[in-house]
Amino acid sequence: MTGAYRKKRNYFILLFLAGGFIIYTAFLVAPLLHAIFYSFRGGPGIVPREFVGFQNYIQLFTQNPYKERFFGAFGNTVKFFLIVTFFQNFIGFFIAILVTRRFRGNTFFRRISFLPTTLSVIVAGFLFTLILNPVWGIFDKFLEVIGLGFLVRPWLGTPSIALVVIAIVTSWQYLGTSIIFYTAGIDAIDSEVLEAAKIDGAGPLAEIRYIIFPSIIPIIGIVTILIFIGDFTQFDIVYAMTGSYANPQYGTDLFGSLFYRSAFFPTGRGGYGMGMGATIATVIFFIVTIGVLILLFTFRMRGLGRKKEEIE
Amino acid sequence: MIKFNNGILKTILYVILIIYSLTIFYPIFLMIITSLKGNKEIFTRPYNLPQSFNLGGYIQLFKISNYLIYFRNSIIVTITSLLIILFLSSLISYVLAKYKFTGSRFLYFYFIAGLIIPIKLGTIGIMREMITLKLFDTLYALIIVYVAMGIPFGVFILTDFIRLVPEELSNSARIDGCSEPKIFFKIIFPLIRPALAAVAIINFIPIWNDFWFPLNLIRTDSVKTIPLATAILFGQYETNYGLIFSVLATASLPVIIFYLILSRQFVKGLSSGALKG
Numbered sequence: 042m043t044g045a046y047r048k049k050r051n052y053f054i055l056l057f058l059a060g061g062f063i064i065y066t067a068f069l070v071a072p073l074l075h076a077i078f079y080s081f082r083g084g085p086g087i088v089p090r091e092f093v094g095f096q097n098y099i100q101l102f103t104q105n106p107y108k109e110r111f112f113g114a115f116g117n118t119v120k121f122f123l124i125v126t127f128f129q130n131f132i133g134f135f136i137a138i139l140v141t142r143r144f145r146g147n148t149f150f151r152r153i154s155f156l157p158t159t160l161s162v163i164v165a166g167f168l169f170t171l172i173l174n175p176v177w178g179i180f181d182k183f184l185e186v187i188g189l190g191f192l193v194r195p196w197l198g199t200p201s202i203a204l205v206v207i208a209i210v211t212s213w214q215y216l217g218t219s220i221i222f223y224t225a226g227i228d229a230i231d232s233e234v235l236e237a238a239k240i241d242g243a244g245p246l247a248e249i250r251y252i253i254f255p256s257i258i259p260i261i262g263i264v265t266i267l268i269f270i271g272d273f274t275q276f277d278i279v280y281a282m283t284g285s286y287a288n289p290q291y292g293t294d295l296f297g298s299l300f301y302r303s304a305f306f307p308t309g310r311g312g313y314g315m316g317m318g319a320t321i322a323t324v325i326f327f328i329v330t331i332g333v334l335i336l337l338f339t340f341r342m343r344g345l346g347r348k349k350e351e352i353e
Numbered sequence: 721m722i723k724f725n726n727g728i729l730k731t732i733l734y735v736i737l738i739i740y741s742l743t744i745f746y747p748i749f750l751m752i753i754t755s756l757k758g759n760k761e762i763f764t765r766p767y768n769l770p771q772s773f774n775l776g777g778y779i780q781l782f783k784i785s786n787y788l789i790y791f792r793n794s795i796i797v798t799i800t801s802l803l804i805i806l807f808l809s810s811l812i813s814y815v816l817a818k819y820k821f822t823g824s825r826f827l828y829f830y831f832i833a834g835l836i837i838p839i840k841l842g843t844i845g846i847m848r849e850m851i852t853l854k855l856f857d858t859l860y861a862l863i864i865v866y867v868a869m870g871i872p873f874g875v876f877i878l879t880d881f882i883r884l885v886p887e888e889l890s891n892s893a894r895i896d897g898c899s900e901p902k903i904f905f906k907i908i909f910p911l912i913r914p915a916l917a918a919v920a921i922i923n924f925i926p927i928w929n930d931f932w933f934p935l936n937l938i939r940t941d942s943v944k945t946i947p948l949a950t951a952i953l954f955g956q957y958e959t960n961y962g963l964i965f966s967v968l969a970t971a972s973l974p975v976i977i978f979y980l981i982l983s984r985q986f987v988k989g990l991s992s993g994a995l996k997g
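Chains as they are written, first to last, in this note's numbering: chain A, 42 to 353; chain B, 721 to 997.
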């Protein structure tokens, strides 16, 4: 390789990388570093200038109202995540198994499962708020008609129920994504393996247990990680269904809505100032990173274990 | 693959899937039929089909708001962002896939790391950058953020895809005196079209539907996108049911129709994304 060619090549590599690198670095990486940087600052004014060390963190974890709101939102986010994960993984896997069977119309069911995902979370949230609200009361009336009238309650007015409701609406919206992911995984399984299993006399349950399930473990990992990242910064559904204050009594407050209020609301209306907003963002970021690493590690390890078994 | 020869099993399968489809269709169907009812009918006959097509809600919506402008804004932002994402991430992917240089592996992971970074958490910083650049409250602010958000996935999908393009193709072009950029545009770019389509499809829905960034970066009415406009109209007219259902239906129908037309491509794009991971 001649020197001139090399130089030209380097120049071209630089040119190709530059645009994407700059935008990605300046508007995705730098803003997060910015949050970490400002989480150590405090003082008066909109832009906190004083270095205060870990003071924001200490306040967040030990002083009210920060502590109460933070741990409240943490608990809710974990519950929310568990409910959504349950629906999307179990029901998603179950329906994926069904739509990968050979029968008339299976592609139709696959395609429509993704339909709710095309709606904006805002639209889905508002729509279900209307369906569930006592004024129009279409859901309550429906329950009465089918004889389950005793179940009627203020769906979005009771803290313990409201959180479950918004988690179910979120699952309704995104179930299609996991169905498509799982069907893709099941379709990719070598048909010879399935044939062989059949010749060996494996029934449907054995097929699911020993062939389908192990081969889509990596996809379960991806789905879970996507849900995890989405739910730990979920905001839209709270805004649409229970408002920025996560009614009732912060019962549906998630990390996303807590961050929104603390960073962008004026003090006195739920805002904690930019320093504390940045601190909350940093803590959430930290939790998400650790969580993703744990999930990656878990699903990788299982995948590797399987490979080892195959070799042996 | 198991075939259901057993009639009972097949019936159960259909029953479950039909119930599941009803849970999908019914809320959307309800939204559309209700939007075509008058204010009174919404309460008196909530489950029935509309007695006559009442377009009152829609007419009112277009009268009280600049809906066509919101629609235009959403289209501009989405299409521009997608084009830039495709362009920039395919350039990056080409270099990372075909050239070994110091730090190329690191750069790949640097870009991929964006897949697990929740960009929302950097919003304070993004807001301040946009104010400094005088882009706050403009469509450019949204486009830039969506491009930054879309690059990691683009690089993730496209790098592997470009690696599969045989080296002989570019080498023979090089011998013919083709310059490096020309090789990219003339040979690589056309070959990776299916992967580009997958990247565009996967990025389309989250960009079109994004509510968080317009909420935080947009203030002026004439630069609102549909999700933000929907939320604001909903807040203002919450009790005017006839209008509100039209707002929700107008916000969702374009994407629903778009999806129904291209659902095959969507499912294919998403599936390839799933298997790559």
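Backbone N, C-alpha and C fix where the C-beta goes; we use that ideal spot for every residue, glycine too. All values reported here derive from a predicted model rather than from experimental measurement.
9 Å Cβ cutoff, residue i in contact with chain B
i        : result
Trp196/A : no
Val205/A : no
Arg142/A : yes
Phe289/A : The amino acid at residue 289/A is misidentified as Phe; the sequence shows Pro. It does not: the Cβ of Pro289/A has no partner Cβ on chain B nearer than 9 Å.
Val119/A : no
Thr218/A : yes
Gly297/A : yes
Residue-level contact to chain A via CB, residue i, 9 Å cutoff
i        : result
Arg825/B : no
Ile877/B : no
Tyr790/B : no
Ile908/B : no
Arg883/B : no
Tyr787/B : no
Leu917/B : Note that residue 917/B is Ala in the sequence shown here, rather than Leu. No, Ala917/B lies away from the interface with chain A (no Cβ there is under 9 Å from its Cβ).
Distance CB(residue i)-CB(residue j) smaller than 9 Å
i        : j        : result
Phe933/B : Tyr866/B : yes
Ile908/B : Ile812/B : no
Ser256/A : Gly226/A : yes
Leu878/B : Ser810/B : yes
Thr211/A : Phe155/A : no
Leu58/A  : Leu980/B : no
Phe112/A : Leu295/A : no
Leu806/B : Leu916/B : yes
Tyr79/A  : Pro89/A  : yes
Phe222/A : Ile260/A : yes
Ala163/A : Asn929/B : Correcting the residue identity first, residue 163/A is Ile in this sequence and not Ala. Yes, these two residues count as a Cβ contact at 9 Å.
Pro289/A : Thr199/A : yes
Where residue i sits in the DSSP three-state scheme
i        : result
Arg142/A : coil
Arg110/A : helix
Gly94/A  : coil
Thr959/B : coil
Arg341/A : helix
Arg792/B : helix
Glu351/A : Caution is warranted here: a pLDDT of 45 is assigned to Glu351/A, below 50, making its placement in the model unreliable, and the coordinate value is therefore given only provisionally. It is helical.
Thr308/A : strand
Arg82/A  : strand
Gly346/A : At Gly346/A the pLDDT is 46, less than 50, meaning the model places this residue with poor confidence; the figure from the coordinates comes in the next sentence. Gly346/A: helix per DSSP, three-state reduction.
Val88/A  : coil
Trp932/B : helix
Ser201/A : helix
Thr945/B : coil
Top-ranked residue by Cα proximity to residue i, from the options
i        : options                                   : result
Phe986/B : Glu849/B, Ile946/B, Asn960/B and Ala920/B : Ala920/B
Ser991/B : Ile220/A, Ser303/A and Val164/A           : Ile220/A
Ile732/B : Gly217/A, Ile263/A and Ile136/A           : Ile136/A
Ala918/B : Lys988/B, Ile946/B and Leu862/B           : Lys988/B
Val70/A  : Gly727/B, Lys820/B, Leu841/B and Leu803/B : Leu841/B
Tyr830/B : Ala893/B, Phe873/B and Pro914/B           : Phe873/B
Arg143/A : Ile882/B, Ala994/B, Leu729/B and Tyr740/B : Leu729/B
Leu299/A : Ile266/A, Lys108/A and Ile187/A           : Lys108/A
Val815/B : Val119/A, Leu171/A, Phe53/A and Phe115/A  : Phe53/A
Met869/B : Val119/A, Leu73/A and Gly318/A            : Leu73/A
Partners in chain A for residue i, counting only beta-carbon separations shorter than 8 Å
i        : result
Thr950/B : Ser161, Ile163, Val164 and Phe167
Neighbour list for residue i in chain B, Cβ cutoff strictly below 7 Å
i        : result
Thr211/A : Chain B residues near Thr211/A: none, gap ~14 Å exceeds 7 Å.
Ile54/A  : Val815, Tyr819 and Phe821
Met315/A : Ile844
Gly61/A  : Leu808, Ser809, Leu811, Ile812 and Ile871
Chain B contact residues for residue i, given Cβ-Cβ distances below 8 Å
i        : result
Phe155/A : Tyr979, Ser983, Phe986, Val987 and Leu990
Ala225/A : Leu990, Ser991, Ser992, Ala994 and Leu995
Val5/A   : Nothing about residue 5/A can be read from this structure; chain A reaches only from 42 to 353.
Ile258/A : In chain order: nothing, as chain B lies at least about 12 Å away.
Chain A residues whose Cβ lies nearer than 9 Å to that of residue i
i        : result
Glu761/B : Here the premise fails: no neighbours, minimum Cβ distance about 12 Å.
Contact set between residue i and chain A, taken where Cβ atoms lie within less than 7 Å
i        : result
Val865/B : Phe68
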